[in-house]
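A short write-up of the structure that comes next.
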Amino acid sequence: MIVVGLTGGIGSGKTTVARFFQELGVPLYIADLKAKELLHRDEHLQKEIIALLGEEAFVNGKYNTAYVSSLVFADPKLLTRLNAIIHPAVHADFKQWKSNQKTDYIIYEAAILFEQNRQDQVDYTILVTAPLEERIKRVMQRDQTNRQAVLDRINKQWSDERKKLLADLVIENKVLSATKARVQEIHKYLLSLVSK
Numbered sequence: 001m002i003v004v005g006l007t008g009g010i011g012s013g014k015t016t017v018a019r020f021f022q023e024l025g026v027p028l029y030i031a032d033l034k035a036k037e038l039l040h041r042d043e044h045l046q047k048e049i050i051a052l053l054g055e056e057a058f059v060n061g062k063y064n065t066a067y068v069s070s071l072v073f074a075d076p077k078l079l080t081r082l083n084a085i086i087h088p089a090v091h092a093d094f095k096q097w098k099s100n101q102k103t104d105y106i107i108y109e110a111a112i113l114f115e116q117n118r119q120d121q122v123d124y125t126i127l128v129t130a131p132l133e134e135r136i137k138r139v140m141q142r143d144q145t146n147r148q149a150v151l152d153r154i155n156k157q158w159s160d161e162r163k164k165l166l167a168d169l170v171i172e173n174k175v176l177s178a179t180k181a182r183v184q185e186i187h188k189y190l191l192s193l194v195s196k
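Shown next as structure tokens:
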């Protein structure tokens, strides 16, 4: 079974691309969603995060995203320590999930695949890109936030140029119909690799 890592910067449309693969019958693991699930059900994980960030990290058993974000985005070392708690838990969950899949290939979608040096743990990588202004517009609408807040988040991520150096395949997500056609093209290509 081939494991395909799917990534892209904020607002690039990687989740939309992931859903297109899912529509083709490809099992999809979305690391960010699984992390949120684990944060709400794994008491050990909660205790570790509270030890790192304080009781306010959870309010009535719910992860306090605004509070945690305000701390970790102001302190890169704290973010690294938080990731060192969350990422191993997600990785273990993914391994368990993967062992239950019976298919030619699966998609592992992660926003910071390259930043976390996880490209070595997948067989192929797909990078989703989109024009900067389009990304800003999408995130402003999605998160009900302002342009500067989105730009700040984009500027904290690796550039598409840097990611392209590590990516095996790139999907430029400008026009939805063209994106969907590219997904179908890559799907056929990946299936051809399995059948060799």
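Here the sequence shown is numbered in the UniProt record's numbering, starting from 1 and rising by one per residue. By construction, the Cβ of each residue, glycine as well, lies at the ideal position given by its N, Cα and C atoms. Treat the numbers as computed from the prediction; the structure is a model and nothing was measured.
Item, Value
"Have a look at Y67 and A57 and give me their C-alpha separation to the nearest angstrom.", "6 Å"
"Indicate the three-state DSSP secondary structure (helix, strand or coil) for F94 in the structure shown.", "helix"
"For the alpha helix (DSSP H) holding E172, just list the boundary residues, first then last.", "Taken as a continuous stretch (DSSP letters only), E172 belongs to no alpha helix (DSSP H), being part of the beta strand (DSSP E) at 169 to 172."
"Quick one: complete alpha helix (DSSP H) runs, 4+ long, within the stretch 31 to 81?", "31 to 41, 43 to 53, 65 to 72"
"So, at 8 Å on beta carbons, what are the nonlocal neighbours of Y29 in its own chain, with the 5 sequence-adjacent residues on each side left out?", "F94, W97, K98, I106, I107, Y108, E109"
"Do A130 and K163 count as a contact pair if the criterion is CB distance below 8 Å?", "no"
"Just tell me which of R153, L39, L24, P76 has its CA closest to the CA of V59.", "L39"
"Any idea what DSSP makes of L127, helix, strand or coil?", "strand"
"Whose CA, out of D168, I49, A31, lies closest to the CA of R81?", "I49"
"According to DSSP, what are the bridge partners of V3?", "I106"
"Could you tell me the boundaries of the alpha helix (DSSP H) in which F20 lies?", "14 to 23"
"What's the gap between the Cα of M140 and the Cα of A178?", "24 Å"
"Give the DSSP-derived three-state secondary structure of L28 in the structure shown.", "strand"
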